[in-house]
Each structure stands twice: as C-alpha cells, then as structure tokens.
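Working notes, beginning with the structure itself.
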Amino acid sequence: MTLLKSWSKCLFSSRKYLGYRFWASNIEAILKSPSVVLSASSPEKIMTTSLGNKFNLPKRYQGSEKSVWVEYIQLALDYKPACNLGQGFPDYPPPKYVTDALSQVANSENCLLHQYTRGFGHPRLVNRIAKLYSKLLNREINTNIEVLTTAGS
859 MTLLKSWSKC LFSSRKYLGY RFWASNIEAI LKSPSVVLSA SSPEKIMTTS
909 LGNKFNLPKR YQGSEKSVWV EYIQLALDYK PACNLGQGFP DYPPPKYVTD
959 ALSQVANSEN CLLHQYTRGF GHPRLVNRIA KLYSKLLNRE INTNIEVLTT
1009 AGS
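Under the numbering used here, the first residue of the sequence shown carries the number 859, and numbering increases by one thereafter.
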C-alpha cells in the first residue's frame, strides 16, 4: 500500500494527468480497493478497475472462438511466405467505381485533395469520437489531448 500511495502522490503532483479531477475526488476509495493493491504496478489496471465494466466484451461474444485471421497472421509471421494470402491481401480487383473515384481524385488539379490529414486525425472524426466517449464516460473528452487516431481509423 505504501508503494501505491507514493506512486499516486507522484502521479497527482502534476496536474497534467488527464483524469485528475476523477482521481483526486476518488483516490481514497480507489486506494482502499483490494484489486488496486494487487495491481499497483500497472496504472492502466487501476483505471479499468475504477471505471467498472463499461467496456467489457458483450456477453454474446464472450466465450466465442478467436477470429480465423488471428491464426493466419501468426502463420504468416512464423513461416514468412513469399505470398501472404491472409487479411489485407485480396486476390481480386477492387470494384470499378472505387478505381474510378481514385483516378478522379488523383487526376484533379485541386492539390488540397492530395494532403495528409492532421497527425492526430481529421477534426470531424476526433470530434465525433470525443462526443461518443464523453457520453459513455460521463465527462468531457478533450480532443486535443485525449483522442488519437491511427492507421485504419
């Protein structure tokens, strides 16, 4: 418990922590939780414990088997084939409307169509994500420091 208290003092001495208000108002209850004591080495587990089961896998999916793609990805990593026929490697051409749209954008004289989006995601996307998770977490999500999109988003 002493380790956890010293860890929390270090963490909360800087008000830069995203969930500071939540943690500051609930720290005593959080520190007294037996699961927090067991997970003192992992701050992520503390947050998961304190937020409850909002993001658990739905019951209808619990106990289901792994996706076939998990096996394909592992096989590709193990055997390093010359041709990977797994996920993301289709063996058929895309629909014509997709290639036509791509061609139209690529041939456009509007150079703004050829720009990367901002590094942290397109503003419309991150704003919608923040709006959704603000409702789920019952607090305002800051799009500048709490939302990050990556490849595939």
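Ideal Cβ placement from N, Cα and C applies to all residues, glycine included.
Nearest to R986 by alpha-carbon distance, out of N1002, K938, V956 and K954, is N1002. As the crow flies, the alpha-carbon of L995 is around 14 Å from that of N914. Sixteen is the threshold: when 16 or more other Cβ atoms of the shown chains lie within 10 Å of the Cβ of V984, as they do, the residue is buried. Rounded to the nearest angstrom, the Cβ distance from L970 to V963 is 11 Å, too far for a contact under 8 Å. P952 has its alpha-carbon roughly 10 Å from the corresponding atom of D958.
In this structure, V1005 sits near G979, with a CB-CB distance shorter than 8 Å.
The straight-line gap separating the alpha-carbon atoms of D936 and N968 is approximately 45 Å.
Exclusion of the five residues before and after E923 leaves no residue of its chain whose Cβ lies closer than 6 Å to its Cβ.
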